[in-house]
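K.L.:
Quick one: the structure is below, and I'll ask about it shortly.
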Amino acid sequence: MEIDRPTDLATALEALRQAPDATLLAGGTDLMVEINFGHRRPEHVIALRRVNELQEVDGTIGAGVTWARLEEGPHRALAQAARTVGSPQIRAAGTIGGNLGTASPAGDGLPFLVALDAEIELRSAAGSRRLRWDEFLTGPKLTALQPGELIHSVVLPEEIPARQEFGKVGVRNAMVISAVMACVVRYEDGRTRVAVGSAGPTTLRMGRAEEMISAEADPSAAALSEFQRLVSEEVRPITDHRSTESYRRHAAGVIARRLLERCLR
Amino acid sequence: MTTTTGTRIRGGIGESVKRPDGIPKVIGNFAYASDLAADGMLWGATLRSPYARARVVRLDPAAALAIPGVQAILTQDDVPGRKTFGQITADQPVLVDGEARFWGEPAAVVAADDPETARLAVAAIDVEWEELEPLVDMEEALGRDEVFRYAPVRRGDPDATGTVVVEGYYEVGMQDQAPLGTEAGLAIPDGEGGVDLWVTSQWTHEDHDQIWRSLDLAPDQVRQHPTGIGGAFGAREDMSLHIHVCLLALRTGRPVKMVYNREESFPGHVHRHPARMWYRHEADADGTLVKVEAKIILDGGAYMDTTPAVVGNAVYFTTGPYRVDSVQVDGYGVRTNNPPTGAMRGFGVVQVCFAHESQMDRLAEALGMDPLELRKHNALTTGDPLPTTGQIIETPLPTVGVIEQLAAIPLPPPLDSDDPRRLPGGTGLTTTPDYVTRGVGYAVSLKNIAFSEAFDDFAEARVVLSPSGVEVHTAAVEVGQGMVTVLQQIARTALGVEQVAIVPTDTSEIGSAGSTSASRQTQMAGGAVLEAARAVRDLALEQAGGDDLTSDGVWRAGELVMTLDELCADGPISHHTRFRHPPTEEPDENGQGDLHADFAVAAHRAVVDVDAELGLVRVVQVDTAQDVGLVLNPQSVRGQIEGGILQGVGLAVMEELVLDRGIILNASFTDYLLPTFLDAPEVEMALIEEPSPWGPFGAKGMGEPPTISSTPAVVAAIRNATGLELNRVPIRPQDITGT
Amino acid sequence: MDIRFRLNGEDRAVDAGASQSLLSLLRDGLGLPGSKNACEQGECGSCTVVMDGRAVCSCLVLAADTDGADITTVEGLGDEDTLHAVQAALVDGGGVQCGFCTPGFVVAAAHLFESNPTPSTDEIREALSGNICRCTGYGGILRSLEGLAGR
Chain Z
1 MEIDRPTDLA TALEALRQAP DATLLAGGTD LMVEINFGHR RPEHVIALRR VNELQEVDGT
61 IGAGVTWARL EEGPHRALAQ AARTVGSPQI RAAGTIGGNL GTASPAGDGL PFLVALDAEI
121 ELRSAAGSRR LRWDEFLTGP KLTALQPGEL IHSVVLPEEI PARQEFGKVG VRNAMVISAV
181 MACVVRYEDG RTRVAVGSAG PTTLRMGRAE EMISAEADPS AAALSEFQRL VSEEVRPITD
241 HRSTESYRRH AAGVIARRLL ERCLR
Chain E
266 MTTTTGTRIR GGIGESVKRP DGIPKVIGNF AYASDLAADG MLWGATLRSP YARARVVRLD
326 PAAALAIPGV QAILTQDDVP GRKTFGQITA DQPVLVDGEA RFWGEPAAVV AADDPETARL
386 AVAAIDVEWE ELEPLVDMEE ALGRDEVFRY APVRRGDPDA TGTVVVEGYY EVGMQDQAPL
446 GTEAGLAIPD GEGGVDLWVT SQWTHEDHDQ IWRSLDLAPD QVRQHPTGIG GAFGAREDMS
506 LHIHVCLLAL RTGRPVKMVY NREESFPGHV HRHPARMWYR HEADADGTLV KVEAKIILDG
566 GAYMDTTPAV VGNAVYFTTG PYRVDSVQVD GYGVRTNNPP TGAMRGFGVV QVCFAHESQM
626 DRLAEALGMD PLELRKHNAL TTGDPLPTTG QIIETPLPTV GVIEQLAAIP LPPPLDSDDP
686 RRLPGGTGLT TTPDYVTRGV GYAVSLKNIA FSEAFDDFAE ARVVLSPSGV EVHTAAVEVG
746 QGMVTVLQQI ARTALGVEQV AIVPTDTSEI GSAGSTSASR QTQMAGGAVL EAARAVRDLA
806 LEQAGGDDLT SDGVWRAGEL VMTLDELCAD GPISHHTRFR HPPTEEPDEN GQGDLHADFA
866 VAAHRAVVDV DAELGLVRVV QVDTAQDVGL VLNPQSVRGQ IEGGILQGVG LAVMEELVLD
926 RGIILNASFT DYLLPTFLDA PEVEMALIEE PSPWGPFGAK GMGEPPTISS TPAVVAAIRN
986 ATGLELNRVP IRPQDITGT
Chain P
1005 MDIRFRLNGE DRAVDAGASQ SLLSLLRDGL GLPGSKNACE QGECGSCTVV MDGRAVCSCL
1065 VLAADTDGAD ITTVEGLGDE DTLHAVQAAL VDGGGVQCGF CTPGFVVAAA HLFESNPTPS
1125 TDEIREALSG NICRCTGYGG ILRSLEGLAG R
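Protein chains in written order, with our numbering: chain Z, 1 to 265; chain E, 266 to 1004; chain P, 1005 to 1155.
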């Protein structure tokens, strides 16, 4: 096994140019599980945790920013999500870029990004490109990342509503993979965005529920119920060893409604 | 003559004496089986069946053997002695014998220079499986007469009738012990054809008696040594890699170490039996129980292990601690292709306690009676016959006492926090207090202590007094529960000498101490140590003509008459004993007889906060009152109770191995959920001390009861909060939401 | 491959295996068995070490990626004669049973107390929610650490 440990972006991209199929290592919290159980034996690793340019949080969020840092802000719902990622030890190591690279439908950081229509900036020695989340997340554990590219940062829109809430439903009260989770954001003009995780092949947006509730300036109890119903209808969950299709459908609607209620307070 | 020392010794019974292994454990140099190493050591790895049932079409190790660094690959053909093993019946092949009968069954073992090479070699073994249809449904297994044990109880008038009848059907899922330390062992060939083994075990002598047979060696050519164990809870009651690692060491002539990873550990040990239980209770209008009928099926998995004894326990404790004149039970342990099941804390009583306590609550509701009043009205006590077997209970049995003392513990204040760490769903921020309903529920349990049904249950110990202090030799295994501390305390109190060391003793140096299970070691190993220590004290007093013994020597009438140096001038004073509890009988054809050595009762009250709309639960507090005979070490007792309760909470709300065609779908700590710090309830406790007739100083074993009635108490509390029937554990969110 | 790091206050040059985790390197390569292997997937905390000021699961750190790091394991926190305050508290407070989770708790709790010497009960519970204990029900651990926090 070869390993590169670049400390700046240019060196990292050059290493990646020379070894476009190298395995990218950030916090290690996903990759190392596969290595430990013998499912992967990378021949060439490029370790990214020393790359300063990936650590920045300003208008964008560097791919190398850990959950522990995101727990501190600046985005309320992302901080709420960050607090639920694995354990404190996982949050000290794992990064938002890793969540994107792994592209699990259960990625805790993804609903916030999806609700805000975030873009993902990819870099390679040849240049950079930005993909909207739905161009980047192409399927369960599948992304549009090409050989020779790395995830540089998450680019959030300029307008980020203050009303934003995240919730994660799991059987255990800490350190749990969600049965279902959601992020709801509501703009001052009533526009509402809802993203649900662990309820489809990728994190999903709830288009019909959004449309319905965005038109309600001051949603009534009936409107909230209808919103819940639409979310339950719109998700596309499966039954597996963690939960059932019908529970996920139900819980997605409930958690989305509750998050919306919190946004409306 | 035996007298007890007048002076209260430091570190004796009744004190929260610190563990002798506490400091090594906090600084990280306590040696667990997985930490052991030897010069020239090889690493073992295991090829396992990928199916619950499959025929081996081809298993050719040649290519794997050719990998540099691979030293041996062994299959069932390489087992020189008895080809099978098993505690009660040797029905499990050492390695797959042509047909794998459960997912993960070992088919071949490899020894290689390093763990990575061993793992690669396993992957390189040329193996072809033909999957066969597995038998995975326990009722279907019963229909096909695949039965490890049928145990009936027929007592009293089967035609007795009550005026109120409640019937119920209950299920228990497959719980895993999930000890933090996985299965691990190191075998070192002795150069003379024999082998020394250090391995995760709860009972070295029982393992030893199986190992030498399969190795085709004389018993004294195999020595099994105690080693550090990272938790057990029943998982080490049956063997795992023991024979494999010895076979590899003997074949290669080199030390071999094997450590299961977590994925292997799940199929690598037995689990708690899943259960299906049909119950019918009949009572008079005043609540007096008239008859209990039950049919109980336990899924024994692919091999027998301790299933017959678990079935016995389930059947004999079908009714719980309540008087009933008519009891009719049919209990079955069946053979399937599910993962093997065996011992887990509570051992068959956990399953039936969930059922009988659910029934008692339903009966109380049908009668319009307070559930605790109903239980007290029927409470079993000393002098009563055990309702199932007719055995007259001689030990103190404070059933009413545990209920009343439990009820006297103040309830926690109402939910007054919106901190997510105190709400169902925890840091997932699923809820707010307005969505939460509180519930309270109670349950009571009765458990036997030590081995039952005419098992020749004994424990050996040797106590050696020398000028440097006391050595206690015993093969009793410390698995984390604190037995070593309690044995020290017993020896100190009995002898009057403060310096006591518990010496790790292998199978060649002393006889069996029995298993560290069945809540038995405090009473059994403790009883042996007490007996031997008292004998040593008597010998010392007799030799010196004294009336008291202390760390200084022998005293007479308040004067030191002989120092320990003088006392031991001709060598240490030693006594070796084999301690037995009162004999027990085999059941007759109706399950009748004096089958049990001792009993203990416990009661639990759970307080839960439930978010019914999402089906999420936070167990706020679980209080208990427990019959412990005598508290030997308050801190240890508290630790056993709190830890046992959390395992019961785990079974109530999250812990289950999920199976599909016999394959475990969640064989990892990511998906087999153990309660975290944020899932742990607060615990308040009341301890009832009424001495056991034969426990050391009156102490009763107390490790299992905390796990038994805590589960139904939590379920009762969730029922109380939701109004739901909830007849299955663990309770899943969808069981509460109905979606 | 050759790496250099600071381990328990000592500069070390060591050989990390391909695909080897830091946990495996510590236990099998450097004779430091205090960090425990119980799940190898970051779900139990038994292998917790502090690396560059962060408490992390050493099973999820690629050993080859530790070049230049400053690592403290349980062995670096105290020894028989000079226990770390957390170690002493757990021994005295009944926070230890089988002990397999204990080194991870020691490191994680020591890390917590470093940044917050007087954590609340809920802060202790959350900060240690990545450390699984199967024996104690967490009661003895909580009382030990509450005592240390002056509660």
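We put the CB at the ideal spot given by N, CA and C, even for glycine.
Determine, for LEU943 (chain E), whether the minimum Cβ-Cβ distance to residues of chain Z falls below 8 Å.
P.N.:
True, the Cβ-Cβ gap to chain Z drops below 8 Å.
K.L.:
Between the alpha carbons of HIS534 (chain E) and LEU301 (chain E), how many angstroms are there, rounded?
P.N.:
Each residue's Cα considered, the two are about 21 Å apart.
K.L.:
Rounded to the nearest angstrom, what separates VAL194 (chain Z) and THR696 (chain E) at their Cα positions?
P.N.:
Between VAL194 (chain Z) and THR696 (chain E), the C-alpha separation is close to 18 Å.
K.L.:
Tell whether a beta-carbon distance below 8 Å holds between GLY747 (chain E) and LEU513 (chain E).
P.N.:
Their beta carbons are not under 8 Å apart, which means GLY747 (chain E) does not touch LEU513 (chain E) by this criterion.
K.L.:
8 Å is my cut-off, CB to CB: does ARG993 (chain E) come that close to chain Z?
P.N.:
Chain Z, which has no Cβ nearer than 8 Å to the Cβ of ARG993 (chain E), makes this no.
K.L.:
Less than 8 Å between the CB atoms is what I'm expecting for GLN164 (chain Z) and ALA77 (chain Z), so what's the real figure, rounded?
P.N.:
Indeed they touch by this definition, with Cβ atoms about 4 Å apart.
K.L.:
Could you list which residues in chain Z have their beta carbon closer than 8 Å to that of ASP1069 (chain P), in chain order?
P.N.:
The contacting residues are ILE3, ARG5, LEU25, GLY28, VAL45, ALA47 and ARG49.
K.L.:
Mind pulling the chain E residues with CB within less than 9 Å of THR203 (chain Z)?
P.N.:
Near THR203 (chain Z) there are no residues of chain E at all, since even the closest Cβ is about 16 Å away, more than 9 Å.
K.L.:
Tell me whether ARG229 (chain Z) sits in a helix, a strand or coil according to DSSP, three-state version.
P.N.:
It is helical.
K.L.:
Starting from VAL768 (chain E), follow the beta strand (DSSP E) in both directions and report where the run begins and ends.
P.N.:
That run of the beta strand (DSSP E) goes 765–769.
K.L.:
Can you give me the C-alpha to C-alpha distance between THR95 (chain Z) and VAL599 (chain E), rounded to a whole angstrom?
P.N.:
Roughly 48 Å between the two C-alpha positions.
K.L.:
Does GLN146 (chain Z) come out as helix, strand or coil in the three-state DSSP assignment?
P.N.:
Of the three classes helix, strand and coil, the one that applies to GLN146 (chain Z) here is coil, per DSSP.
K.L.:
Would you identify the three-state DSSP class for TRP133 (chain Z), choosing helix, strand or coil?
P.N.:
If DSSP states are grouped into helix, strand and coil, TRP133 (chain Z) belongs with the helices.
K.L.:
Just checking: is the beta-carbon of ILE1075 (chain P) within a distance shorter than 8 Å of some beta-carbon in chain E?
P.N.:
No, no contact with chain E.
K.L.:
Can you tell me which of the three DSSP states ASP223 (chain E) falls into?
P.N.:
Lying before the first or after the last residue shown, residue 223 (chain E) is absent from chain E, which here runs from 266 to 1004.
K.L.:
Could you name the residues of the stretch 228–261 of chain Z whose beta carbon sits closer than 8 Å to any beta carbon of chain E, in the order they occur along the chain?
P.N.:
Correct list: ASP240, HIS241, ARG242, SER243, THR244, SER246, TYR247, ARG249, HIS250, ALA251, VAL254, ILE255 and ARG258.
K.L.:
Out of curiosity, what's the CA-to-CA distance linking ALA252 (chain Z) and MET181 (chain Z)?
P.N.:
Near 7 Å, if we compare the C-alpha coordinates of MET181 (chain Z) and ALA252 (chain Z).
K.L.:
Considering just the uninterrupted stretch of the alpha helix (DSSP H) at LEU632 (chain E), what are its terminal residues?
P.N.:
Element bounds for LEU632 (chain E): 614–632.
K.L.:
Please identify, using Cβ separations under 9 Å, the residues of the stretch 145–164 of chain Z that lie next to chain E, in order along the chain.
P.N.:
Answer in chain order: no residues at all.
K.L.:
Bridge partners for TRP820 (chain E) per DSSP, in chain order?
P.N.:
Paired residues: E:ASP813 and E:LEU825.
K.L.:
Buried or exposed: where does SER87 (chain Z) fall if 16 or more other Cβ atoms within 10 Å of its Cβ makes it buried?
P.N.:
Its Cβ being crowded by 16 or more others within 10 Å, SER87 (chain Z) is buried.
K.L.:
Could you check which residue in E:ILE338, E:ILE657 and E:GLY334 has the C-alpha nearest to that of ALA327 (chain E)?
P.N.:
Minimum Cα distance to ALA327 (chain E) is reached at E:ILE338.
K.L.:
Residues of the stretch 167–182 of chain Z with a CB closer than 7 Å to any CB of chain P: list them in chain order, please.
P.N.:
Answer in chain order: ALA174 and MET175.
K.L.:
Counting only Cβ pairs nearer than 9 Å, list the residues of chain P close to THR935 (chain E).
P.N.:
Here the neighbours are CYS1043, GLN1045, GLY1046 and GLU1047.
K.L.:
Among the residues of its own chain, which have a CB less than 8 Å from the CB of GLU34 (chain Z), if the five just before and after it don't count?
P.N.:
Within the same chain, GLU34 (chain Z) has close Cβ partners ARG40.
K.L.:
Please report how far the alpha carbon of GLY271 (chain E) lies from the alpha carbon of GLY811 (chain E), in whole angstroms.
P.N.:
With a pLDDT of 48 at GLY271 (chain E), under the threshold of 50, the predicted position of this residue should be treated as unreliable, though the coordinate-derived value follows. Approximately 13 Å, taken between the alpha carbons.
K.L.:
On the three-state DSSP scale, how would you describe TRP245 (chain E)?
P.N.:
The question about residue 245 (chain E) has no answer, for chain E in this structure spans 266 to 1004.
K.L.:
Measuring only the C-alpha atoms, how far is ARG845 (chain E) from THR781 (chain E)?
P.N.:
The alpha-carbon atoms of ARG845 (chain E) and THR781 (chain E) are separated by roughly 15 Å.
K.L.:
Give the secondary structure of ASN713 (chain E) by DSSP, where H, G and I count as helix, E and B as strand, and everything else as coil.
P.N.:
Reduced to three states, the DSSP call for ASN713 (chain E) is strand.
K.L.:
Considering only DSSP beta bridges, list what SER1025 (chain P) is partnered with.
P.N.:
Partner(s): P:LEU1066.
K.L.:
In chain order, what residues of the stretch 75–89 of chain Z put their CB closer than 9 Å to some CB of chain P?
P.N.:
Of all residues in the stretch 75–89 of chain Z, ARG83, GLY86, SER87, PRO88 and GLN89 have a Cβ within less than 9 Å of some Cβ in chain P.
K.L.:
Give me the Cα-Cα distance between PRO995 (chain E) and GLY450 (chain E), rounded to the nearest whole angstrom.
P.N.:
Near 33 Å, if we compare the C-alpha coordinates of GLY450 (chain E) and PRO995 (chain E).
K.L.:
Can you tell me where the beta strand (DSSP E) with MET403 (chain E) in it begins and where it stops?
P.N.:
Where MET403 (chain E) is concerned, there is no enclosing beta strand (DSSP E), although the alpha helix (DSSP H) it sits in stretches over 403–408.
K.L.:
Would you mind stating whether ARG1155 (chain P) and PHE942 (chain E) have Cβ atoms separated by less than 8 Å?
P.N.:
No. Outside cutoff.
K.L.:
Give the straight-line distance between the Cα atoms of GLU60 (chain Z) and LEU48 (chain Z), rounded to the nearest whole angstrom.
P.N.:
It should be noted that the sequence gives Thr, not Glu, for residue 60 (chain Z). Cα to Cα, THR60 (chain Z) sits roughly 18 Å from LEU48 (chain Z).
K.L.:
Got a sec: is the Cβ-Cβ distance from GLY38 (chain Z) to anything in chain E below 8 Å?
P.N.:
Cβ-Cβ to chain E under 8 Å: yes for GLY38 (chain Z).
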